[in-house]
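Asker:
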Amino acid sequence: MEESRIAQFGTEEEFQQALVELVNDFAPRRFAICEEHGDRVDGEVFAWGLAFGDGALLCDDARSLTGRFRDAGSAMRLFARTGRRLRLIWVDE
238 MEESRIAQFG
248 TEEEFQQALV
258 ELVNDFAPRR
268 FAICEEHGDR
278 VDGEVFAWGL
288 AFGDGALLCD
298 DARSLTGRFR
308 DAGSAMRLFA
318 RTGRRLRLIW
328 VDE
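Here you go:
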């Protein structure tokens, strides 16, 4: 179909605003899985993640650990099985 036959979506500004709203509605949520050392002695970020509507992606800073999970909680539960004391922290509300 030729582009000239497709109806445009309002003004340039209205179209831009519609795209911004689309991005905000479907943007992944950022999270971190943090590891606690000792009894609240120290901690570090074990891995970073992005949560989408249909799953979550996870990687560590060295990118030696990557994975796709059902959700952020399932990623944390998997790595907690190793005996690590982990906490799920949401970066985005």
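Under the working numbering, the sequence shown has 251 at position 14, and the numbering climbs by one with no breaks.
All C-beta atoms, glycine included, are put in the ideal place defined by N, C-alpha and C.
This one's a predicted model, so the numbers in the text were calculated from it and none came from an experiment.
1) If I'm right that Thr303 touches Leu295 with Cβ under 8 Å, what's the distance once you round it to whole angstroms?
2) Are the beta-carbon atoms of Val282 and Ala264 separated by less than 8 Å?
3) DSSP three-state label for Phe246, please.
4) Would you kindly report the start and end of the unbroken beta strand (DSSP E) that includes Leu294?
5) Give the secondary structure of Leu302 by DSSP, where H, G and I count as helix, E and B as strand, and everything else as coil.
6) What's the call for Ala312, buried or exposed, on a 16-neighbour Cβ count within 10 Å?
7) When DSSP labels each residue in this structure, what does Ala317 get in the three-state scheme?
8) Please check the pair Arg266 and Asp329, which I expect to be a contact at CB under 8 Å, by giving their CB distance rounded to whole angstroms.
Answerer: Taking the coordinates as given:
1) 7 Å
2) no
3) coil
4) Residue range Gly292 to Cys296 is occupied by the beta strand (DSSP E) that includes Leu294.
5) coil
6) buried
7) helix
8) 5 Å
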